[in-house]
Amino acid sequence: MGERFRVLVIDDDPGVREYLEALVSRQGYDVLAVASGEESLRVIERVRPDLVTLDVVLEGMDGLETLRQLKKRLPDVPVIMLSGHGQARTIVEAMRLGASDFLRKPFEVEELELAFQKALENRALRREVETLRGRARSENDIMIHGGDDGPMKTVREIIEQVADTDITILVRGESGTGKELVARSVHALSSRAERPFVKVNCAALPSELLESELFGFERGAFTGAQKRKLGKFEYANKGTIFLDEIGEMSPALQAKLLQVLQDGEFSRLGGESDVKVDARVIAATNRNLEEAVQRGEFREDLYYRLNVVTIHLPALRDRKGAIPLLVDHFLRRFGEQYGKEVRQLSPEAMKRFMEYSWPGNVRELENMVRRIIVLGNEDAVLAEISRRDPVSEARLDPDSLLDLDALGRELAEGGELDLKAISRRAAQIAEKRVIERVLQQTRWNRKEASERLQISYKALLYKMKENGLSDGR
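Set out below in structure tokens:
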């Protein structure tokens, strides 16, 4: 069996106790056997068992009270309850107190073996999950706090203040700033941490598919609906649902989401009855929702429902002091992942990293460091940084500069010479030139261009049409 586990047997019947002791020993376990709950509590002060079998009916301290006391002292040790009665109320209470299984006497040897195996496997799995969760929390701390620089200190404080509540949270920030990491940190610090964390990208699916993804559907709801499908909200019950890109949700779906936030219930597609759900909602967006409300693209009542607590994530260019720590973290992480030697960036590379504007924020930095590890050199990445920065290129390119004198004359001739008019026109020209430059750099790949410009794909199409930019290929 490899590792020998220690089992504590608690039973006040000498015959049953001896039988269990022999049976458990034959299965390859070390055994300790005691006759009472009180004695078991004294034993665990000296020896820590890996597993406990506990009779429900004991003289003195009964089995349920013994279970309660054991779980206070050894919360992670599985306890298998044994009983010749097996009343439903007793079983329910035992499971509520933390019993891992309940066997009725007399039981088959195979039943006990299976119960032991399942309990020990579940314990090992829980320990592994805790280890992984600890690593994830450590990584989230580095990614979010970035050395606890000023702009992120407020973010950390808000996360700690609201995590253990059920308040709806709206996370705002540019693409790549770490909005999902904030949502996961809130979930990990909350009382829902053991429950599911479910992520949904509202921009990734058409409205009809997104509705069935979020709320599920009944059999026969539409052509091809062969059987009932549960939605993400049901999977997130008692846990947290993270709605990324909430600003891209259609008005019809916004109304259904509002119902969930107000009443805690919804109906599946094709369903006739409401489904109750208890899921904390954390939403995220890189859009200006206030402007979307004014344009009638986003419901005002939903905006106020979501905007109970807002967490603003600063762009990486506004907290460049975090870059060295993040680079060091990514070098270590990807060095381990790819089996490459972990090393520091050269002074020249770090200088370029500190000067670069990082339009893709932390996600872009992460990908750049990953490429350095995989490729084994910095040259290609530094060349990519030079190619990616349309703003710095514009500063060096005289053709891209605005002719403000000509602009002033143009507006004066139209009888509109005022600062606001000049500002609006200058912004229009600058926007068109930057969009056109990025489209050229991406070979008119509109999806990639929208990501670099940190706007949605639909917003880019609208701006291209508004500025008269057709496909340049």
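For the sequence shown, this note's numbering assigns the number -18 to the initial residue and increments by one for each residue that follows. Glycine is no exception: its CB is placed at the ideal position from the N, C-alpha and C atoms.
| Asked | Found |
| --- | --- |
| Helix, strand or coil for M62, going by three-state DSSP, please let me know. | strand |
| Less than 7 Å between C-beta atoms, sequence neighbours within five positions excluded: which residues of the same chain meet that for G245? | K257, V258 and D259 |
| Can you list the beta strand (DSSP E) stretches of 3 or more residues lying completely in the region 138 to 171, in chain order? | 150 to 153 |
| Among A105, A75, R108 and M62, whose alpha-carbon lies nearest the alpha-carbon of E92? | M62 |
| Pull up the CB-CB distance for V58 and P87, whole angstroms please, since I reckon it's below 8 Å. | Actually they are not in contact, since the Cβ atoms of V58 and P87 sit about 25 Å apart, beyond 8 Å. |
| With DSSP collapsed to three states, give me the class of T266. | strand |
| Can a CB atom of chain B be found closer than 8 Å to the CB of G449? | Protein chains in the displayed structure number just one, and chain B is not present. |
| If I'm right that E194 touches L186 with Cβ under 8 Å, what's the distance once you round it to whole angstroms? | 6 Å |
| Tell me the DSSP bridge mates of F247? | V256 |
| I believe F196 touches G228 by the beta-carbon criterion, under 8 Å. Please report the beta-carbon distance rounded to the nearest angstrom. | F196 to G228, Cβ: 19 Å. No contact. |
| Compare the Cα-Cα distances from R255 to each of G316, Q240 and R286 and report the closest residue. | First, the residue type needs correcting, since residue 255 is Asp and not Arg in the sequence shown. Per the Cα distances, Q240. |
| From the DSSP secondary-structure annotation, give me the bridge partner or partners of H310. | Paired residue(s): none; H310 is not in a bridge. |
| Between E347, L151 and P177, which has its C-alpha nearest H310's C-alpha? | E347 |
| Tell me which residues share the same chain as V308 and place their Cβ nearer than 8 Å to its Cβ, disregarding the 5 neighbours each side in the sequence. | L326, M331, F334, L346 and V350 |
| Flag this pair as yes or no: are the beta carbons of E192 and L242 separated by less than 8 Å? | no |
| Across which residues does DSSP place A233 in a beta bridge pair? | In the DSSP output, where bridge partners are listed per residue, A233 has none listed. |
| The alpha helix (DSSP H) spanning D360 covers which residue range? | D360 to R369 |
| Taking the alpha helix (DSSP H) that I72 falls in, what are its first and last residues? | A69 to R77 |
| What residue does the beta strand (DSSP E) around I292 start on, and which one ends it? | V290 to H293 |
| Within the same chain, show all residues whose beta-carbon is closer than 7 Å to that of H168, passing over the 5 residues directly before and after it, in chain order. | A174, F178 and T221 |
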